[in-house]
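Worksheet: one structure, shown below.
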Amino acid sequence: MAAYLIRRLLLMVPTILGILLVAFVVVQFAPGGPVEQVIAKLSGADTGATSRISGSPGGDFGARGMTQGGSQGDINSKYRGAQGLDPEFIKSLEKQFGFDKPAYERFFLMLWNYARFDFGKSYFRDVSVLQLIKEKLPVSISLGIWMTLLTYLISIPLGIRKAVEDGSRFDVWTSGVVIVGYAIPGFLFAILLIIVFAGGSFFDWFPLRGLFSDNWDQLAWWQKIGDYFWHLVLPIVSMALSAFATMTLLTKNSFLDEIRKQYVLTARAKGCTRTQVLYGHVFRNAMLIVIAGFPGAFVHAFFTGSLLIETIFSLDGLGLLGFESVLNRDYPVVFATLYIFSLLGLVVNLISDLTYTWVDPRIDFETREV
Numbered sequence: 006m007a008a009y010l011i012r013r014l015l016l017m018v019p020t021i022l023g024i025l026l027v028a029f030v031v032v033q034f035a036p037g038g039p040v041e042q043v044i045a046k047l048s049g050a051d052t053g054a055t056s057r058i059s060g061s062p063g064g065d066f067g068a069r070g071m072t073q074g075g076s077q078g079d080i081n082s083k084y085r086g087a088q089g090l091d092p093e094f095i096k097s098l099e100k101q102f103g104f105d106k107p108a109y110e111r112f113f114l115m116l117w118n119y120a121r122f123d124f125g126k127s128y129f130r131d132v133s134v135l136q137l138i139k140e141k142l143p144v145s146i147s148l149g150i151w152m153t154l155l156t157y158l159i160s161i162p163l164g165i166r167k168a169v170e171d172g173s174r175f176d177v178w179t180s181g182v183v184i185v186g187y188a189i190p191g192f193l194f195a196i197l198l199i200i201v202f203a204g205g206s207f208f209d210w211f212p213l214r215g216l217f218s219d220n221w222d223q224l225a226w227w228q229k230i231g232d233y234f235w236h237l238v239l240p241i242v243s244m245a246l247s248a249f250a251t252m253t254l255l256t257k258n259s260f261l262d263e264i265r266k267q268y269v270l271t272a273r274a275k276g277c278t279r280t281q282v283l284y285g286h287v288f289r290n291a292m293l294i295v296i297a298g299f300p301g302a303f304v305h306a307f308f309t310g311s312l313l314i315e316t317i318f319s320l321d322g323l324g325l326l327g328f329e330s331v332l333n334r335d336y337p338v339v340f341a342t343l344y345i346f347s348l349l350g351l352v353v354n355l356i357s358d359l360t361y362t363w364v365d366p367r368i369d370f371e372t373r374e375v
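Each number in this note's numbering comes from the position in the sequence shown (counting from 1) with 5 added on.
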């Protein structure tokens with residue numbers, strides 16, 4: 006196992022390098038970089054995403070960036086809308102954003118900094134990238150952990166019962182509910198919940214926005230816990246809908262496949278009860294495929310799956326931060342979140358493989374190639 010762990014850890018290095026290299030190359034050809042964002046702001050052609058960013062460096066140079074006429078030089082032709090701006094001003098912007106260096110030098114400098122977990126500062130927010138991530142992390146942690154926990158606590162027992170009672174009335178009507186739940190987009194279900202339960206047209210039982218109430222600091226500790234979960238109910242239910250359906254059907258099909266195998270018939274013939282067969286023999290084998298899907302489900306719930314839900318419920322988390330950073334070409338935030346998310350995904354996958362051996366000791370990763 007030690008040799009397998011070392012190989013997996015070593016393979017993380019070229020994987021991360023490949024991800025960052027591909028993203029970096031794509032960014033070099035993507036129009037509308039940070040320099041263009043500032044130029045657009047100065048020329049009055051600012052995009053909606055950029056206009057939401059406060060503290061744009063364009064304001065620091067705006068007064069001295071405009072020229073009184075004359076030749077602008079070749080540097081102005083590099084950027085759309087740069088006519089009328091002082092070439093020296095454009096050069097100062099390039100230096101501020103680090104674009105005065107060759108692409109390969111910028112890439113290797115980024116790798117060196119990331120190896121030391123130095124992610125620099127945001128282009129358009131006067132704060133470090135780590136501080137930004139730290140501010141948004143509580144929202145994403147809340148959504149990801151509780152959604153995954155709720156999904157597994159409900160889906161696994163329900164999937165097991167559906168497998169045991171396959172073809173029964175219970176299995177039929179729960180399958181209908183699961184399929185309908187899977188077919189409804191999470192964001193659409195979130196809007197429905199707001200209309201029904203958040204003061205839209207019927208009941209006003211749950212808050213519409215945020216993770217805490219305005220009087221959070223004045224609440225007792227037990228009131229803070231209740232207020233926290235009160236705000237999480239609608240977002241978590243919205244996110245868990247499709248994941249709940251997927252996990253339930255995955256669990257049922259996995260258990261059905263194992264129940265029909267010969268060793269189950271042998272265990273029953275020896276006089277084992279249904280509970281002993283299910284949880285003493287079938288459970289360990291059937292849960293392997295469920296465990297295999299955990300890393301993807303966790304990462305999806307933690308980050309990418311929360312974007313629309315964060316927007317609808319006004320939750321300022323990592324999903325919204327990454328989306329706005331891409332729109333605004335805030336490259337330090339984009340690459341830092343990509344690096345952190347990729348690293349986390351690789352680590353979670355490794356943990357999943359180790360969990361395999363805990364669930365079923367017969368699995369030996371030393372006997373196969375990575």
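Backbone N, C-alpha and C define an ideal beta-carbon position, used for all residues, glycine too.
May I have the straight-line CA-CA distance separating residue i from residue j, to the nearest angstrom?
{"i": "G322", "j": "L343", "result": "15 angstroms"}
{"i": "E315", "j": "F288", "result": "36 angstroms"}
{"i": "G324", "j": "Q223", "result": "29 angstroms"}
{"i": "D262", "j": "T256", "result": "10 angstroms"}
{"i": "I317", "j": "T280", "result": "43 angstroms"}
{"i": "A272", "j": "V201", "result": "50 angstroms"}
{"i": "L10", "j": "L135", "result": "28 angstroms"}
{"i": "E329", "j": "I230", "result": "30 angstroms"}
{"i": "I264", "j": "L355", "result": "29 angstroms"}
{"i": "G276", "j": "G181", "result": "35 angstroms"}
{"i": "L312", "j": "A7", "result": "38 angstroms"}
{"i": "L349", "j": "L142", "result": "14 angstroms"}
{"i": "L15", "j": "V169", "result": "43 angstroms"}
{"i": "W227", "j": "V185", "result": "37 angstroms"}
{"i": "S357", "j": "D105", "result": "43 angstroms"}
{"i": "V18", "j": "A120", "result": "10 angstroms"}
{"i": "A341", "j": "F192", "result": "27 angstroms"}
Give the DSSP bridge partners of residue i, in chain order.
{"i": "D209", "result": "A203"}
{"i": "S133", "result": "K126"}
Can you tell me whether residue i is buried or exposed, with buried defined as 16 or more other CB within 10 angstroms of its CB?
{"i": "T156", "result": "buried"}
{"i": "V338", "result": "buried"}
{"i": "P190", "result": "exposed"}
{"i": "R12", "result": "exposed"}
{"i": "T253", "result": "buried"}
{"i": "S259", "result": "buried"}
{"i": "K139", "result": "exposed"}
{"i": "V295", "result": "buried"}
{"i": "P240", "result": "buried"}
{"i": "E41", "result": "buried"}
Can you name the start and end residues of the alpha helix (DSSP H) that residue i belongs to?
{"i": "I184", "result": "174 to 188"}
{"i": "H236", "result": "226 to 264"}
{"i": "F328", "result": "323 to 332"}
{"i": "F29", "result": "7 to 34"}
{"i": "R121", "result": "First-last for R121: undefined, no H or E at that position."}
{"i": "Q281", "result": "279 to 282"}
{"i": "Q267", "result": "267 to 274"}
{"i": "E170", "result": "No alpha helix (DSSP H) holds E170; DSSP gives it neither H nor E."}
Is the CB of residue i under 7 angstroms away from at least one CB in chain B?
{"i": "F346", "result": "Among the protein chains of the structure shown there is no chain B, as only one such chain exists."}
Is there contact here, the stretch 101 to 116 with the stretch 10 to 30, by at least three beta-carbon pairs under 8 angstroms? yes
Does the stretch 228 to 242 touch the stretch 211 to 218, meaning 3 or more C-beta pairs lie closer than 8 angstroms? yes
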